[in-house]
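Numbering (our numbering), first residue to last: 8 to 230.
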């Protein structure tokens, strides 16, 4: 069985989604997208109390275990620790940290070496730092386009993707921010071979079909 680090190296499609409380279909949605090609799924639902987040993460963890995919926790090392400590072999695999979150060494002290850590980057200096920072396993760079999930955040655009590609980092990196089926080719042309999506799948009429299309197109360019 592949390790989490090996799975991350092979990952191409990363999904951030809320807990689908409005739709009421979280287990079905997760099964659909994980079966169709999502490699990493992150619960990103701002404002949840820790206990409620852990309840939702249990659903995510069950789906990820059955499909053999990676589960990411957003921002909170304490929640990632609790999610891993309360489940068996497959709790939280990943903690994703923004620029304003805990420093990586602090998160490592909480989680140890088994949980992978990712970083958000929004400028060339941040991407360059994340490409070599000890303890960082992957990073995301963007937004490529303005997105309502991060209101008010400027979009550095595809120039930052091109810069990240030029670094030739020895760790995986993902383009993020407003990416969907209509602009995916622009992101791939800029040098990305891994992408993070939100609305492209969470708002899709057929999430499985949308996932399969994105996953196929990314992997064709990565071959």
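Beta carbons are placed, not taken as given, at the ideal position from N, Cα and C, and that holds for glycine.
Source: prediction; values computed, not measured.
Pair within 8 Å by beta-carbon distance, residue 134 and residue 148 = yes
Close-in-space but distant-in-sequence residues of the same chain around residue 52 (CB under 6 Å, 5 per side omitted) = 25, 26
Identity of the residue in 193, 178, 182 nearest residue 14 by Cα | 178
Would you kindly work out how many angstroms separate the C-alpha atoms of residue 114 and residue 223, rounded to a whole number?
-> 34 Å
Given that a residue counts as buried once 16 or more other Cβ atoms are within 10 Å of its Cβ, and exposed if not, what is residue 17?
-> exposed
Counting only the same chain and skipping the five closest in sequence on each side, list residues whose C-beta sits under 7 Å from that of residue 228.
-> 195, 200
Note the first and the last residue of the continuous alpha helix (DSSP H) segment covering residue 1.
-> The structure shown does not extend to residue 1, since the chain is modelled only from 8 through 230, so no value can be given for it.
Taking C-alpha atoms, which residue in 40, 28, 75 lies nearest to residue 8?
-> 75
Based on Cα-Cα distance, which residue from 170, 172, 207 lies nearest to residue 184?
-> 207
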